[in-house]
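Just so you know, we're using the working numbering here: the sequence shown kicks off at 1453 and counts up by one.
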Amino acid sequence: MSTRTARQPSAARDWRVSTAPGGLPLIGHALRMGRGPLEFLASLPAHGDLVELRLGTGRAYLPCHPDLVHEVLLNARVYDTGGPVKEKARPILGNGLITSDWADHRRQRRLVQPAFHSARLPTYAEVMQQECAVEARSWEAGRPFDVSTAMQALTARVTARALFSTEIADRAVAEIQRSLPVIVHGAYRRAMDPTGLLARLPLAANRRFDEALTRLHGLIHRIVEDYRTASTDRGDLLSALLSAEDPETGARLDDQEIHDQVMTLLLAGIETTASALAWSFHLLGQNPEAEAALHAELDEVLDRRPPAYADLPRLDRTQRVFTESLRLYPPAWLFTRTTVQATELAGHELRPGSDILISPYVLHHNPALFPDPESFDPDRWLPERAKDVTRGSYLPFGAGSRKCIGDVFGMTEATLALAAIASRWRLRPRPDTTVHPRPHMSLSSGPLLMVPEPR
Ligand code: HEM
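This is the structure we're talking about:
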């Protein structure tokens, strides 16, 4: 052990540490990761608590035991964000919460956290309520539509209007809906390209990506400038960012930092919640009993009126449906950390610069942690059953100092959306549609045609 290696809590236990089977000369496990990352990663807990993978010339480690995952996530000073994925995200996100390193992240988080204070939630919930009602009114009985696209549009409107409450929001929504999918797709392609060459080729896709990024950056720049000039607190997320003051130093975020946080919130908040909502409707469509139980709760609590923030404590089953959808299809199915110093995990020595893969999907599909993991069972989250879930094994929002800052925002938005839609509509699956999880930037269902039937 090197003298700089910090001894970690996991050192005291016996762990199974192994290398993933099936590595090929030169490329290692890169092909299996490229072809079917979900199946491949989910097969690895059977081989150890910490499993080493070879991805081309590089190595990465997948902690499969919840205690090891937590050791990584709770030790952000040693396991920082980093590596090639972060470097590729920088031109898109700048230096915001997702891309900043440990020391700067602590400062940024102190400044952004107040924008998500529980006292601000009822205001955001009003926007959510209005947009969910608009969405639920917009469908035509019997006419199939793509639920996935509809949920993207809904969460884009909610996030944009929660960020910017002025009339600017409408223009912003149109631009976000136009640009964000292009940016998200391009960001994923770049993250997956080990050579870094793809971004430099004169391809039409690269041109569209650059144009979308320039448009979105331009829009955010103008909005931040407008808000700065007007200098009024509008009760929205952007006003909260502009007025945030570091309790330790009194410092504020400058315009570039605010710009980067806005971009980060758009990228982190829209796709994630939308994918999980689309999965919820897919799962309800496949599970008529769970759907009937949800409808019974909505009929009893809402009695056909639209849901409001005050209804949330009584919408237990609705929340359990979403919680279980997040277990089966966690939007953030894979994220990474990189060691900034030599350390030890599961008694195994890690050099500085080692890449660690954190996969909520792997934890959530492990039969040792969740019995019958492939079945959609919202009642596994009833308090009397949830208490038996192994501590730390449910991780849709991550953990530690980088835990999702929008977790309550996202849960509120999704619960209100599920309630608003399922109290008016039953979404029927189309028999000719097969759905496969697409592990891209988030774990999406891809196009999801369903037929709305009035209830
Ligand atoms: C169901 C919806 C959501 C899921 C599953 C989700 C998941 C996650 C996860 C797993 C992380 C941690 C990533 C890591 O540790 O590297 C994260 C971070 C983050 N999320 Fe979410 N998220 C959701 C919704 C939202 C929403 C609605 C917003 C904002 C409006 C948001 C903003 C962020 C930000 C800014 C971070 C970075 C936090 C930090 O590093 O301090 N997320 N999210």
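By construction, the Cβ of each residue, glycine as well, lies at the ideal position given by its N, Cα and C atoms.
Point to revise | Burial state of R1609 (16 or more Cβ within 10 Å) | key: Counting Cβ neighbours within 10 Å, R1609 comes out buried, since at least 16 surround it.
Point to revise | Span separating the alpha-carbon of R1456 from that of V1841 | key: Bear in mind that a pLDDT of 48 at R1456, under 50, signals an unreliable position, so the number given afterwards is only what the model happens to contain. Spanning the two alpha carbons is a distance of roughly 36 Å.
Review point. Run through DSSP, which three-state label would P1515 get?
Key: P1515: strand per DSSP, three-state reduction.
Exercise for review: For R1456, name the three-state secondary structure that DSSP assigns.
Suggested key: Model confidence at R1456 stands at a pLDDT of 48, short of 50, so the residue's coordinates are unreliable; what they give is reported in the following sentence. Residue state, collapsed to three classes: coil.
Exercise for review: Measure the CB-CB distance between V1599 and F1733 and report whether it falls below 8 Å.
Suggested key: A contact, by the Cβ cut-off of 8 Å.
Check your understanding: Under 7 Å from any heavy atom of the ligand HEM, does the C-beta of L1561 make it?
Key -> The sequence shown places Arg at residue 1561, not Leu. R1561: yes, Cβ under 7 Å from the ligand HEM.
Practice item. List the whole-angstrom C-beta distance separating A1588 from I1873, where the pair is believed to meet the contact cut-off of C-beta under 8 Å. Key: Indeed they touch by this definition, with Cβ atoms about 5 Å apart.
**Study point:** Neighbour-count burial assignment, H1888, 16 or more Cβ in a 10 Å radius
**Key:** With fewer than 16 other CB atoms across the displayed protein chains lying within 10 angstroms of its CB, H1888 is exposed.
Check your understanding: By Cβ distance below 7 Å, which residues in the same chain neighbour L1507 in space, the five residues on each side in sequence not counted?
Key -> The answer, listed in chain order, is G1480, H1481, A1482, M1485.
Check your understanding: Rounded to a whole number of angstroms, what is the C-alpha to C-alpha distance between E1723 and L1650?
Key -> Inter-residue distance for E1723 and L1650 is about 24 Å (C-alpha atoms, whole angstroms).
Review point. Is any heavy atom of the ligand HEM found at a distance shorter than 7 Å from the C-beta of P1823?
Key: Checking the Cβ of P1823 against the ligand HEM gives no.
Check your understanding: Does at least one heavy atom of the ligand HEM sit under 7 Å from the Cβ of H1557?
Key -> Result yes, Cβ under 7 Å from the ligand HEM.
Practice item. Report yes if the C-beta of C1856 is less than 7 Å from at least one heavy atom of the ligand SAM; otherwise report no. Key: The ligand SAM is not part of this structure, which contains only the ligand HEM.
Check your understanding: With C-beta atoms as the reference, is L1514 less than 8 Å away from L1505?
Key -> Yes, the pair counts as a contact, with Cβ atoms nearer than the cut-off.
Practice item. List in chain order: all unbroken alpha helix (DSSP H) runs of 4+ residues lying wholly within the region 1790-1844. Key: The alpha helix (DSSP H) runs lying completely inside the region 1790-1844 and spanning 4 residues or more are 1812-1816, 1835-1838, given in chain order.
Review point. What is the rounded straight-line gap between the Cα of P1574 and the Cα of E1539?
Key: Their Cα atoms are separated by approximately 36 Å.
Check your understanding: Does the beta carbon of L1655 fall short of 7 Å from some heavy atom of the ligand HEM?
Key -> Look at L1655: its beta carbon is at least 7 Å from all of the heavy atoms in the ligand HEM.
Point to revise | Terminal residues of the beta strand (DSSP E) in which V1636 lies | key: First-last for V1636: 1620-1643, but that is the alpha helix (DSSP H), not the beta strand (DSSP E).
Practice item. Inspect the beta-carbon positions of T1607 and L1764 and report whether they are closer than 8 Å. Key: Contact annotation: T1607 and L1764 have beta-carbon atoms that are not nearer than 8 Å.
Practice item. Using a Cβ cut-off of 8 Å (strictly closer), state whether P1782 contacts chain C. Key: In summary, chain C is missing from the structure at hand, where a single protein chain is found.
**Study point:** Rounded C-alpha distance that separates A1798 from S1806
**Key:** Note on geometry: alpha-carbon atoms of A1798 and S1806 lie some 14 Å from one another.
Review point. Relative to the alpha-carbon of I1857, which residue among P1812, R1558, P1477, S1470 has its alpha-carbon at the smallest distance?
Key: Among P1812, R1558, P1477, S1470, the Cα nearest to that of I1857 belongs to R1558.
Point to revise | Residue of A1494, D1519, L1476, A1703 minimising C-alpha distance to A1464 | key: Answer by Cα proximity: D1519.
Check your understanding: Are A1742 and F1828 closer than 8 Å when you measure CB to CB?
Key -> In contact: A1742 and F1828 (Cβ atoms closer than 8 Å).
Check your understanding: Hey, is I1710 close to the ligand HEM, as in C-beta under 7 Å from one of its heavy atoms?
Key -> Not so, every heavy atom of the ligand HEM lies at least 7 Å from the Cβ.
Practice item. Give a yes or no on whether the C-beta atoms belonging to A1875 and R1772 are separated by under 8 Å. Key: It should be pointed out that residue 1875 corresponds to Ser in this sequence rather than to Ala. No, the Cβ-Cβ distance between S1875 and R1772 is not below 8 Å.
Review point. Using the C-alpha atoms, what's the distance from W1554 back to R1511?
Key: Rounded to the nearest whole angstrom, the CA to CA distance from R1511 to W1554 is 23 Å.
Check your understanding: DSSP state of S1897, grouped into three classes?
Key -> Collapsing the DSSP output to three states places S1897 in coil.
**Study point:** 6 Å CB neighbourhood of S1853 in its chain, flanking five on each side removed
**Key:** Contacts found: A1528.
Review point. In terms of alpha-carbon separation, which member of E1776, G1898, V1792 lies closest to R1890?
Key: Checked all of E1776, G1898, V1792; the closest Cα to R1890 is G1898.
Check your understanding: Among G1844, S1570, E1865, L1719, which one has its Cα closest to the Cα of L1549?
Key -> If we check each option's Cα against that of L1549, L1719 comes out closest.
Check your understanding: Can you tell which of Q1629, L1478, A1593, E1583 has its C-alpha closest to the C-alpha of S1617?
Key -> The residue with the shortest Cα to Cα distance from S1617 is E1583.
Review point. When the Cα atoms are used, what is the spatial distance from Y1531 to E1523?
Key: Counting only the Cα atoms, E1523 lies some 9 Å from Y1531.
Practice item. Answer with buried or exposed for H1517, where buried requires no fewer than 16 other C-beta atoms within 10 angstroms of its C-beta. Key: The Cβ neighbour count for H1517, taken over all protein chains shown within 10 Å, is at least 16; the residue is labelled buried.
Review point. Is the closest heavy atom of the ligand HEM to the C-beta of P1848 under 7 Å?
Key: At a threshold of 7 Å, P1848 counts as near the ligand HEM, since its beta carbon sits closer than that to one of the ligand's heavy atoms.
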